[in-house]
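Engineer: Per the numbering used here, the sequence shown starts with residue 77, numbered consecutively.
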Amino acid sequence: MVISNDEVLHLTDKVQSLSKKSAGNRPANTSSLMNYIKSLSGNTKGMALYGRVKEELIRRGVIAVYEKIVVWR
Numbered sequence: 077m078v079i080s081n082d083e084v085l086h087l088t089d090k091v092q093s094l095s096k097k098s099a100g101n102r103p104a105n106t107s108s109l110m111n112y113i114k115s116l117s118g119n120t121k122g123m124a125l126y127g128r129v130k131e132e133l134i135r136r137g138v139i140a141v142y143e144k145i146v147v148w149r
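(1) If you compare alpha carbons, which of ALA124, GLY137 and ILE145 is closest to VAL78?
(2) Give the single residue among GLU83, ALA104 and GLY122 whose Cα lies nearest to the Cα of ARG149.
(3) Based on the DSSP secondary-structure assignment, which residues constitute the bridge partners of ASN105?
(4) What does DSSP give as the partner residues of ILE134 in its beta bridges?
(5) Among LEU133, HIS86, ARG102 and LEU109, which has the Cα closest to the Cα of LYS144?
(6) I need the DSSP call for ILE139, collapsed to helix, strand or coil.
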């Protein structure tokens, strides 16, 4: 399954935008982050997309992941 960089960037932008609106909607652990990304993406690409979006969020400084804990910045 090929995932385009545009898909990753679009979904990352969406997650980043939504995270600014409400702290209550921010997932607190890696499994809930995966479910959150799946729900936003339509659950079509699976783990490969989740991993790339998570890494892009980390690269942008939006989140930090410590073991299984997600810290939003």
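Every residue gets a Cβ at the ideal spot worked out from N, C-alpha and C, and that includes glycine. Keep in mind the model is a prediction, meaning the values are calculated, not measured.
Structural biologist: In short, the structure shows the following:
(1) ALA124
(2) ALA104
(3) ILE145
(4) ILE134 is not bridged to any residue.
(5) LEU109
(6) strand
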